[in-house]
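Scroll down for the structure; my scribbles are underneath it.
2 protein chains.
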Amino acid sequence: MSGGQRSSAATTDPGGLGFRPLYRQVRELLVQRIADGLWAPGQPIPSEPEIASELGVSQGTVRKALDEMAGENLVVRRQGRGTYVARHDDARILFQFFRIVPDSGAKEFPDSRLIEVAGEAADEETAAALGLAPGAAVVRLERVRSLAGEVCIAERIVVPAALFPGIAERELPNNLYELYAAQFGVVVGRASEKLRAVAAGAREAELLGVAAGTPLLRVDRTAFSIDGKLAEWRVSWCRTERVHYVSDLR
Amino acid sequence: MSGGQRSSAATTDPGGLGFRPLYRQVRELLVQRIADGLWAPGQPIPSEPEIASELGVSQGTVRKALDEMAGENLVVRRQGRGTYVARHDDARILFQFFRIVPDSGAKEFPDSRLIEVAGEAADEETAAALGLAPGAAVVRLERVRSLAGEVCIAERIVVPAALFPGIAERELPNNLYELYAAQFGVVVGRASEKLRAVAAGAREAELLGVAAGTPLLRVDRTAFSIDGKLAEWRVSWCRTERVHYVSDLR
DNA sequence: CAGTGGTCTAGACCACATG
DNA sequence: ATGTGGTCTAGACCACTGT
Numbered sequence: 003m004s005g006g007q008r009s010s011a012a013t014t015d016p017g018g019l020g021f022r023p024l025y026r027q028v029r030e031l032l033v034q035r036i037a038d039g040l041w042a043p044g045q046p047i048p049s050e051p052e053i054a055s056e057l058g059v060s061q062g063t064v065r066k067a068l069d070e071m072a073g074e075n076l077v078v079r080r081q082g083r084g085t086y087v088a089r090h091d092d093a094r095i096l097f098q099f100f101r102i103v104p105d106s107g108a109k110e111f112p113d114s115r116l117i118e119v120a121g122e123a124a125d126e127e128t129a130a131a132l133g134l135a136p137g138a139a140v141v142r143l144e145r146v147r148s149l150a151g152e153v154c155i156a157e158r159i160v161v162p163a164a165l166f167p168g169i170a171e172r173e174l175p176n177n178l179y180e181l182y183a184a185q186f187g188v189v190v191g192r193a194s195e196k197l198r199a200v201a202a203g204a205r206e207a208e209l210l211g212v213a214a215g216t217p218l219l220r221v222d223r224t225a226f227s228i229d230g231k232l233a234e235w236r237v238s239w240c241r242t243e244r245v246h247y248v249s250d251l252r
Numbered sequence: 003m004s005g006g007q008r009s010s011a012a013t014t015d016p017g018g019l020g021f022r023p024l025y026r027q028v029r030e031l032l033v034q035r036i037a038d039g040l041w042a043p044g045q046p047i048p049s050e051p052e053i054a055s056e057l058g059v060s061q062g063t064v065r066k067a068l069d070e071m072a073g074e075n076l077v078v079r080r081q082g083r084g085t086y087v088a089r090h091d092d093a094r095i096l097f098q099f100f101r102i103v104p105d106s107g108a109k110e111f112p113d114s115r116l117i118e119v120a121g122e123a124a125d126e127e128t129a130a131a132l133g134l135a136p137g138a139a140v141v142r143l144e145r146v147r148s149l150a151g152e153v154c155i156a157e158r159i160v161v162p163a164a165l166f167p168g169i170a171e172r173e174l175p176n177n178l179y180e181l182y183a184a185q186f187g188v189v190v191g192r193a194s195e196k197l198r199a200v201a202a203g204a205r206e207a208e209l210l211g212v213a214a215g216t217p218l219l220r221v222d223r224t225a226f227s228i229d230g231k232l233a234e235w236r237v238s239w240c241r242t243e244r245v246h247y248v249s250d251l252r
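What follows is the structure, given as structure tokens:
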């Protein structure tokens with residue numbers, strides 16, 4: 003095995019169908035260990051040489067797998083220290099999942115005031131959004147969020163009860179994704195948002211203290227765990243007189 | 003020079019200040035060649051071994067530079083064929099810079115109807131947005147765009163006249179970024195958007211055929227060329243009854 | 001077939017963090 | 001001093017695309 007490629011499942015693909023590089027197989031294995039909670043958020047994982055010898059591949063292959071994972075914010079690499087499983091701490095949420103920013107001033111984590119939390123059966127729209135059967139058990143949560151001391155977001159969050167057993171009876175923190183990961187092993191890895199301008203309805207107008215009909219930014223988010231499960235449906239209505247939503251195109 | 007690191011400007015940094023890896027220096031050089039138009043959009047660049055021997059570095063280092071550039075959509079790599087300078091064709095614009103999508107149905111390139119184009123002096127707001135001195139020469143362009151046959155976007159675009167000499171006298175295509183690159187050597191590499199919900203003013207209401215006061219999604223875009231120059235300021239007002247803006251968080 | 005980018009390995013040295 | 005990740009090199013082989 004001096005230079006040259008190992009003969010493994012990855013090489014020679016006479017069928018012509020899928021060809022999976024070795025480093026992707028390694029990546030999948032490592033992601034699985036995080037998804038399974040074998041390596042916990044905030045903790046260091048074994049060093050590159052350790053993983054390489056354990057799996058019988060070269061350090062370069064492990065490196066490539068970890069580099070991809072770092073690019074997806076699954077791990078954090080710190081030169082001289084080690085590679086750590088990423089945490090959903092406030093800083094990360096702010097950077098990765100929270101796009102609403104005061105017009106003048108830096109990003110900050112919004113305060114939350116809980117309005118209601120209730121277990122219920124999914125109606126048709128909810129079931130479709132979460133990929134569940136109509137009538138499946140879900141937990142709905144409503145809250146109002148403030149930025150720079152001003153109420154500006156009304157939020158309705160719905161999650162499958164099956165993924166978060168007993169969540170309705172819990173104390174709910176401001177940062178929900180950290181709770182999902184730490185208490186339920188559901189690590190949110192990506193989300194997709196759809197934005198629209200809408201007129202405030204009676205409910206939103208009341209919660210936000212604006213006149214009905216006021217233009218609001220409606221943000222419709224679907225969040226996925228790192229192993230691909232649909233984890234959350236969230237709709238936010240936001241007053242954008244003094245804040246805006248940022249989107250970087252690159 | 004058998005294995006081990008070359009002794010170059012990159013190694014040994016006793017000052018402790020900036021340390022620039024070799025592959026970043028290579029990357030900068032290659033980006034410059036694209037920005038200077040030495041390698042034109044759509045054309046293949048020399049192969050990895052050619053570049054490596056020209057610059058006296060290993061192929062792996064060139065590869066790492068090109069991989070970064072591919073990640074920023076500056077080049078496109080095609081296995082078995084070569085590496086090409088990325089073009090601002092419709093498909094890329096749609097993928098990278100156009101986020102408004104019909105509620106049901108796939109992404110499509112919007113039609114444009116030009117309303118007005120005029121050279122003028124930058125007012126204070128425009129100057130601030132484009133990083134120019136107030137009174138600097140700019141070109142303003144207004145148009146209305148349709149998706150799936152329905153008028154849904156009113157757009158005001160302002161560019162510095164200095165970067166685009168004579169643009170006001172030209173025929174203006176639907177895809178402006180391709181024109182910027184091909185005719186003026188301004189390659190747009192990234193953009194930043196700020197989104198708000200606003201009530202339609204008289205002007206937008208007229209252009210879009212809605213009642214004044216209708217909630218509209220206002221998208222405020224600042225676009226930068228790959229060498230970092232502020233290239234365009236664009237404000238779009240969008241009806242979002244049947245379309246929405248997508249934003250992927252990952 | 002030859003040429004391109006893509007993967008994999010092995011080994012050396014550098015920068016960084018900690019003891 | 002030791003161990004971590006980061007850079008750089010050299011070389012082999014694989015997958016893909018053309019001739």
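Chains A and B are the protein sequences, given in the same order. Each residue of the first sequence is one higher than the one before, counting from 3 in this note's numbering. Each residue of the second sequence is one higher than the one before, counting from 3 in this note's numbering. The beta carbon of each residue, even a glycine, is placed where N, CA and C say it ideally should be.
I'd like to know whether the C-beta of residue i is nearer than 8 Å to at least one C-beta of chain A.
i	result
B:HIS90	no
B:TYR247	yes
B:LEU143	no
B:LEU132	no
B:PRO167	no
B:LEU219	yes
B:ARG83	no
B:GLU74	yes
B:ALA193	yes
B:LEU178	no
Ignore the nearest five residues each way along the sequence and tell me which others in residue i's own chain have a CB closer than 7 Å to its CB.
i	result
A:VAL59	LEU24 and VAL28
B:ASP92	PHE111 and ASN177
A:ASP222	GLU195, LYS196 and VAL237
A:GLY20	none
A:LYS253	No answer is possible for residue 253 of chain A: the residues shown for chain A start at 3 and end at 252.
B:GLU52	none
I'd like the list of long-range same chain contacts for residue i, defined as Cβ closer than 6 Å, with 5 residues on each side in sequence excluded.
i	result
B:VAL189	ALA183, SER227 and ILE228
B:GLU234	VAL161 and ALA225
A:LEU132	PRO162, LEU232 and TRP235
A:ALA123	GLY137
A:THR216	ALA202
A:LEU181	PRO175
Return yes when the Cβ of residue j is within less than 8 Å of the Cβ of residue i, no when it is not.
i	j	result
A:ALA170	A:VAL119	yes
A:THR242	B:ALA72	no
B:GLY121	B:ALA139	yes
A:ARG147	A:CYS154	yes
A:ARG158	A:ARG172	no
B:GLY137	B:ARG89	no
A:GLY82	A:PRO46	no
B:ARG80	B:LEU68	no
A:VAL87	A:ALA130	no
B:HIS246	B:ASP105	yes
B:GLY39	B:GLY230	no
Taking Cβ positions only, does residue i come closer than 8 Å to chain B?
i	result
A:GLN309	The question about residue 309 of chain A has no answer, for chain A in this structure spans 3 to 252.
A:LYS66	no
A:THR242	yes
A:LYS196	yes
A:GLN34	no
A:VAL200	yes
A:ARG22	no
A:LEU31	no
A:LEU209	no
A:PHE97	no
A:ARG205	no
A:ASP282	Residue numbering for chain A in the displayed model covers 3 to 252; residue 282 of chain A lies beyond these limits and cannot be assessed.
For residue i, does the count of other Cβ atoms within 10 angstroms reach 16, so buried, or fall short, so exposed?
i	result
B:GLU50	buried
B:ARG135	It should be pointed out that residue 135 of chain B corresponds to Ala in this sequence rather than to Arg. With fewer than 16 other Cβ atoms within 10 Å, it is exposed.
A:PRO175	exposed
B:ARG220	buried
B:ILE117	exposed
B:PRO167	exposed
B:ALA202	buried
B:ARG115	exposed
For the ligand GDP, is there a heavy atom less than 7 Å away from the beta-carbon of residue i?
i	result
B:GLU195	Absence of the ligand GDP from the depicted structure is noted, as is the absence of any ligand whatsoever, leaving it without description.
Who are the Cβ neighbours of residue i in its own chain at under 8 Å, not counting the five residues just before and after it?
i	result
A:ASP125	PRO136
B:GLN98	ASN75
Margin query: Count Cβ pairs between the region 182–197 of chain B and the region 240–252 of chain A that sit closer than 8 Å; are there 3 or more?
Written below: yes
Check: Between the region 209–219 of chain B and the region 236–245 of chain A, are three or more C-beta pairs nearer than 8 Å?
Finding: no
Next item on the list: Examine the Cβ distances between the region 64–79 of chain A and the region 31–42 of chain A and report whether three or more of them are shorter than 8 Å.
Entry: yes
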